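Here is the structure we will look at, set down as structure tokens.
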Amino acid sequence: MLYFAWVREAIGTGSERIDPPGEVTTVSALIEWLAGRSAGHAEAFADRARLRAAVDQRFVPLEAPLGDAREVAIFPPVTGG
Amino acid sequence: MLYFAWVREAIGTGSERIDPPGEVTTVSALIEWLAGRSAGHAEAFADRARLRAAVDQRFVPLEAPLGDAREVAIFPPVTGG
Amino acid sequence: MIRVTERPIDVAALLDALPETGALATFVGRVRADDGVTELMLEHYPGATERALEAVAATATERWELANAIIVHRIGAMAPGEAIVFVAAAAAHRQAALDACAFMIDRLKTDAPFWKRETRGREARWVEQRGGDRAAAARWDHDPDESS
Amino acid sequence: MIRVTERPIDVAALLDALPETGALATFVGRVRADDGVTELMLEHYPGATERALEAVAATATERWELANAIIVHRIGAMAPGEAIVFVAAAAAHRQAALDACAFMIDRLKTDAPFWKRETRGREARWVEQRGGDRAAAARWDHDPDESS
């Protein structure tokens, strides 16, 4: 997992290795599962409308399947430029 | 009078002083009158659709009145930039 | 050419390196000095950022037949007045250069994974995405002006 | 700031002199090197040219609340690759800068009394005005995008 911006700050780390159970098959389900790991995770994932995701560095909707993803990133809407 | 670009080249000079008769009251009438001055003038002014004008440095339609103009310029459509 | 860099963006050097095409449009976005921000920090997603910028530049190059497309984006901490982003589009004709430049800056704002954190004195806050940025990017999805 | 000059346009020096606003859009038009032109000659109407460029810059500054508007136009003889015109618009926000820059280059093409003569080898010809230039300038007469 990779986290950026205030998601990273709330969780307290920019990356972690995880091993979710088999029934976690979408980004959305993964977020739900991650929210139980710590108070920081719960805070970071409290408002789904403010979250965006990438699976193997490709932007996806939260409903997207995880498939055989090796790298999942959760972050706020981007604000570059 | 001021002439620019191929109008200037056809007439053979970029400027000349003129004293048109009183009945020449518009740019269009002035062009007609000037066309009689030389073969170069006639050539330069043969196609009115390709001519533009400025009176005292302001762009005007060919039908515009001359008024008390001190400086009249005749030239092709502009091509700067 | 795309570049993500922690060092100040040297706009003059970038311009010097461009080919002398008929038309060159550029855009420089800077940290605004007029709204109390004392430091701007740019976080990014290494790898995904470069991929996103490459995609924006490649799309512009193909759509407007550019001779050159450049996106340089600063990351890390920067001060008011410093350049955050430099975009350049070089083409044979002006409309292509102008449109491609506007397209690239609009698109990278919504497509590239950067996040801005503004510090004002002791207070730091993450910048929220603006609805206007999404609208600006979306207008390129079907642009009737493309051939003008 | 507007300038009409017989000397080469130093784009880097012009950029250096600009204030460090949030957004800066620039455009450089050059003599194309790819269509056989060996020399370009720019004739102008002294006095009327400066007045027309001032009017274009002033209109842009007012319409988009610019911090700075610059138009520098070369006159006289120049070689392929040399800059004919430099336009810059500095503003707080990017859309204002981008739109104002496009407006100024479109407008000066129809409003400022310059005439181009291209030389290809031994043959010289005066460039004809393009209908597309008039259309590009006219689209700013009533622009629904102005507030976007």
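Residue numbers (our numbering), protein chains in the order written: chain A, 507 to 587; chain B, 507 to 587; chain C, -2 to 145; chain D, -2 to 145.
We treat Cβ as the ideally placed atom computed from N, Cα and C, and that holds for glycine.
Only a predicted model underlies this, so the values are computations on that prediction, with no experimental measurement involved.
Asked, Found
"From B/579, B/583, B/587, B/584, pick the residue whose C-alpha is nearest to that of residue 519 of chain B; which is it?", "B/579"
"Does any residue of chain B bring its CB to less than 8 Å from the CB of residue 67 of chain D?", "no"
"Okay, do the segment 54 to 64 of chain D and the segment 47 to 59 of chain C touch, 3+ Cβ pairs below 8 Å being the bar?", "no"
"In angstroms with no decimal places, state the Cα-to-Cα distance between residue 75 of chain C and residue 117 of chain C.", "13 Å"
"Please tell me whether residue 72 of chain D and residue 2 of chain D are closer than 8 Å, where the distance is taken between their beta carbons.", "yes"
"From residue 515 of chain B to residue 33 of chain D, what distance separates their C-alpha atoms?", "23 Å"
"Please compile the residues from chain B whose C-beta is within a distance smaller than 7 Å of the C-beta of residue 102 of chain D.", "587"
"Is it the case that the Cβ atoms of residue 25 of chain C and residue 53 of chain C are separated by a distance below 8 Å?", "no"
"What number of angstroms, rounded off, separates the C-alpha of residue 547 of chain B from the C-alpha of residue 540 of chain B?", "6 Å"
"Less than 8 Å between CB atoms is the rule here; does residue 24 of chain C satisfy it with respect to chain D?", "yes"
"Taking the alpha carbon of residue 19 of chain D as the reference point, which residue from C/37, C/12, C/15, C/49 has its own alpha carbon closest?", "C/37"
"Comparing C-alpha positions only, which one of A/576, A/517, A/554 sits nearest to residue 562 of chain A?", "A/576"
"What is the DSSP secondary structure of residue 547 of chain A, reduced to helix, strand or coil?", "helix"
"Look at the Cβ atom of residue 5 of chain C, then the Cβ atom of residue 65 of chain C, and state whether they are nearer than 8 Å.", "no"
"Report yes or no: do the segment 118 to 129 of chain C and the segment 580 to 587 of chain A share at least 3 C-beta pairs separated by less than 8 Å?", "yes"
"Please compile the residues from chain C whose C-beta is within a distance smaller than 9 Å of the C-beta of residue 579 of chain A.", "42, 45, 110"
"Residue 137 of chain D touches chain B at which residues, Cβ-Cβ below 9 Å?", "Neighbours of residue 137 of chain D on chain B: none; closest Cβ ~14 Å, over 9 Å."
"Under a three-way DSSP split, which group does residue 68 of chain D fall into?", "strand"
"Using CA atoms only, rank isn't needed, just tell me which of C/98, C/35, C/104 is closest to residue 161 of chain C.", "The question about residue 161 of chain C has no answer, for chain C in this structure spans -2 to 145."
"Going along the chain, which residues of its own chain have a beta-carbon closer than 7 Å to the beta-carbon of residue 0 of chain C, five neighbours each way excluded?", "69"
"How far does the alpha helix (DSSP H) with residue 514 of chain A in it reach, from first residue to last?", "511 to 517"
"Please classify residue 574 of chain B: is it buried, with 16 or more other beta-carbons within 10 angstroms of its beta-carbon, or exposed?", "exposed"
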